[in-house]
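Student: Can you keep this structure in mind? I'll have questions shortly.
Here's what the structure looks like:
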């Protein structure tokens, strides 16, 4: 299962990898977005993969909202007999029972070299702006296992890029996106092998 919130370029990298037979013994069962109308849903539909929208319930407080949405995602994962959950630009934070039930089987791609520039509120352009403002000479992306914290789980792999003197958040993001597409495929392959080893 792949969870998305936007355009879905990381999802597309996974779809392309699956199409070319990169994932031995693994297949994308379902794509879920927490926002309607995003292009990632169209990418899934074009690939013939079921795509659903589960919007957070904004009528309830944030903590309860995260729990409730996480519960709905867990129910779907179990219905579809999902072995691995991939957060590919998913902006909602998973919490509660899904973290325990899928412990060691949820991965997230984050646009920095964790543990730097991670945590609550650090996503998208905010990350790249913080990296540039801090005068860093290197950034990149991290794929990590998801735990009860935010961007705190064990790191699976990282890919680094230089931060150039004339970089803007957009130009840095573009360079990192290319590495994310490679990293997420590599990480899913690692996880497929782990999951197959467990069964």
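Numbering (this note's numbering), first residue to last: 55 to 253. Ideal Cβ placement from N, Cα and C applies to all residues, glycine included. Just so you know, these numbers come straight off a predicted model, no measurement behind them.
Find the nearest neighbour of residue 217 within the set 162, 194 and 81, judged by alpha-carbon distance.
Tutor: The option with the nearest alpha carbon to residue 217 is 194.
Student: From the DSSP output, read off the bridge partner residues of residue 216.
Tutor: According to DSSP, which records beta bridges pairwise, residue 216 is partnered with 192.
Student: For the alpha helix (DSSP H) containing residue 182, list its first residue and its last residue.
Tutor: Segment 179 to 187, the alpha helix (DSSP H) holding residue 182.
Student: In the DSSP assignment, find the unbroken beta strand (DSSP E) run with residue 279 in it and report its ends.
Tutor: Because the chain here runs from 55 to 253, residue 279 falls outside it and cannot be looked at.
Student: From the DSSP secondary-structure annotation, give me the bridge partner or partners of residue 162.
Tutor: Answer is 141 and 198.
Student: Where does residue 253 sit, in a helix, a strand or coil, going by DSSP?
Tutor: Any reading at residue 253 must be qualified, since the residue scores a pLDDT of 43, below 50, and its modelled position is unreliable; no value is offered.
Student: With respect to the beta strand (DSSP E) encompassing residue 105, which residues constitute its N-terminal and C-terminal limits?
Tutor: Per DSSP, residue 105 belongs to the beta strand (DSSP E) from 105 to 107.
Student: Roughly how many angstroms lie between the CA atoms of residue 133 and residue 248, to the nearest whole one?
Tutor: If you take the alpha carbons of residue 133 and residue 248, they lie about 22 Å apart.
Student: Would you identify the three-state DSSP class for residue 242, choosing helix, strand or coil?
Tutor: Note: residue 242 maps to helix in three-state DSSP.
Student: Just the Cα atoms here: how many angstroms apart are residue 250 and residue 199?
Tutor: Whole-angstrom Cα-Cα distance: 17 Å.
Student: So, does the region 123 to 130 touch the region 197 to 216, judging by three or more C-beta pairs under 8 Å?
Tutor: Counting Cβ pairs under 8 Å, fewer than three are found: no touch.
Student: According to DSSP, is residue 95 part of a helix, a strand, or is it coil?
Tutor: Note: residue 95 maps to helix in three-state DSSP.
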